[in-house]
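All letters in the sequence shown, in the order written, are residues 33 to 135 by this note's numbering. We treat Cβ as the ideally placed atom computed from N, Cα and C, and that holds for glycine. See structure below.
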Amino acid sequence: MPKLSAWQRCLLFFVFCRSLLLLPLLLPLYNCCAQVLLAHDAKNKQRFAVKAQAKAMVASQDAVPIILTERRILTLPNRCPFIPHLFSCFQTETHLMYAIPQR
């Protein structure tokens, strides 16, 4: 069996339904932009919000520390009901993606 890329594994697990919104990150020094996609699990139909950010935009704006901080916050134990919990994060050749389950 050939080795699958991250994007191919993502397509096996997630079925992308539609784009929810284009989310500008409201940071004074950074002009990054992310897209939020609605997806569901291919097997059990659990719904997810998948946030996709272009790697080129993140690298050009030097926003890597912000992305790492966001990931660290989302992986904290789920103590606060207002902070979503990260299901998985993955990357393709061009994008960084966070999958957050719908409650």
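- Pairing residue 107 with residue 118 gives a Cβ-Cβ distance under 7 Å.
- A straight-line Cα-Cα distance of about 24 Å links residue 133 and residue 97.
- A residue is called buried once 16 or more other Cβ atoms fall within 10 Å of its Cβ, and residue 78, having fewer, is exposed.
- In the structure shown, residue 133 adopts extended strand secondary structure according to DSSP, grouped into three states.
- By DSSP's assignment, residue 118 forms no beta bridge with any residue.
- Put simply, the backbone Cα of residue 131 is about 8 Å away from that of residue 122.
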